[in-house]
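Numbering (the numbering used here), first residue to last: 70 to 327.
By construction, the Cβ of each residue, glycine as well, lies at the ideal position given by its N, Cα and C atoms.
This report concerns only the one structure given below.
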Amino acid sequence: MGSQAATAGAGIALIPWDPASDAHAERMTTQRHACGWDVDQVPYWQKKVAAGDKLLFWIVLSGRGDEEELLAKHRAGSAAEIAPLRDTAARVGRTDRTPTAEEFLPIGHIALDEYPARNVLFGLPAATLWIKSFYISKAIQSGGLGRKAMEQAEAMAAAAPFHSAALALDTTHQAWQRRMTSQSLYGTDEPPADAPSIRTNQAWYTRQDYAEMTLPGTEGECARAEGRESLGYYAWTNPETGEFFKIPTVYMYKMMRK
């Protein structure tokens, strides 16, 4: 990572995930369980990362005065994440690197993926990368760590060797997320008037200057290439109830500063 990434995401470091490490795979599975999405995708990610088609990074605290306090909260929130990992990844994408073998304790992870067919579908620059698989420990969310991790990922994508003119992402539609959260907390589609506002992923990304894109009506071919019926929703089964949902999806993008 260059100085631009270090400056943009001060207090956060990104360490490559090692697809050949059982310890890295086990920790990723643990964090995906905590996230609630894509638990079964870790073996597939191992293949994609090894092939250089997915850039997956651990999010690590670095150079912060409150680092020990935050790590203590993170450990308290997940007994399965107490032990540190080691920096052992020998590649980043398709570029070789020398791992440091130093220990670190990841508080989350973030990925940059290639989706060339999506770039064509949405009319995005060919070098656009997609932010995927983004997670911050729930015990220490809402403190600006996610924003710092995004800044690191954005600066990395804009720099060599990627030179991405834009970043894109997909997330849950805010109306659906707000309604489901309200039902879970209050048993109603809308929260009580005196209840705290419900945070949504879409609103958070909007505050990071990501703009919504309209999903073209010609998305069917692209969806089938990804093994999906439609890019307009996530197919998700609640692991606790077995209930199946088609979760409305929003697509967003942000042009990178040159």
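For residue i, which residues in the same chain have their Cβ closer than 7 Å to its Cβ, ignoring the five residues on either side in sequence?
i: THR269; result: GLN243, GLN246 and ARG247
i: LEU124; result: VAL161, GLY162, ALA180 and LEU181
i: ALA330; result: Outside the shown range of the chain, which is 70 to 327, sits residue 330, and nothing can be said about it.
i: ALA28; result: One cannot answer for residue 28 here, as it falls past the ends of the chain, which runs 70 to 327.
i: LEU300; result: LEU284, GLU288, CYS291, ALA292 and THR318
Cα separation between residue i and residue j?
i: ALA82; j: PRO260; result: 37 Å
i: GLY177; j: PRO153; result: 13 Å
i: SER157; j: PHE173; result: It should be noted that the sequence gives Thr, not Ser, for residue 157. Distance between the alpha carbons of THR157 and PHE173: 11 Å.
i: GLU128; j: SER147; result: The sequence given here has Ile at residue 128, not Glu. Between ILE128 and SER147, the C-alpha separation is close to 16 Å.
i: THR169; j: SER206; result: 24 Å
Can you list, in chain order, the residues of its chain with a C-beta nearer than 8 Å to that of residue i? Leave out the 5 residues immediately preceding and following it.
i: THR287; result: LEU190
i: SER72; result: Any reading at SER72 is ruled out, since the residue's pLDDT is 42, under 50, leaving its predicted position unreliable.
Determine, using beta carbons only, whether residue i and residue j come nearer to each other than 7 Å.
i: PRO185; j: ALA235; result: no
i: HIS232; j: ALA208; result: no
i: ALA227; j: MET321; result: no
i: THR240; j: ILE267; result: no
i: LEU130; j: GLU138; result: no
i: ALA237; j: TRP273; result: no
Under three-state DSSP, which class holds residue i?
i: PRO85; result: strand
i: LEU125; result: strand
i: ARG160; result: strand
i: PHE191; result: helix
i: THR241; result: strand
i: ASP135; result: coil
i: ILE176; result: coil
i: ASP263; result: coil
Report all residues from its chain with a CB closer than 6 Å to the CB of residue i; omit the five preceding and five following residues, and keep chain order.
i: SER67; result: Nothing about residue 67 can be reported from this structure: the residues present for the chain run from 70 to 327 only.
i: THR98; result: VAL111
i: SER211; result: none
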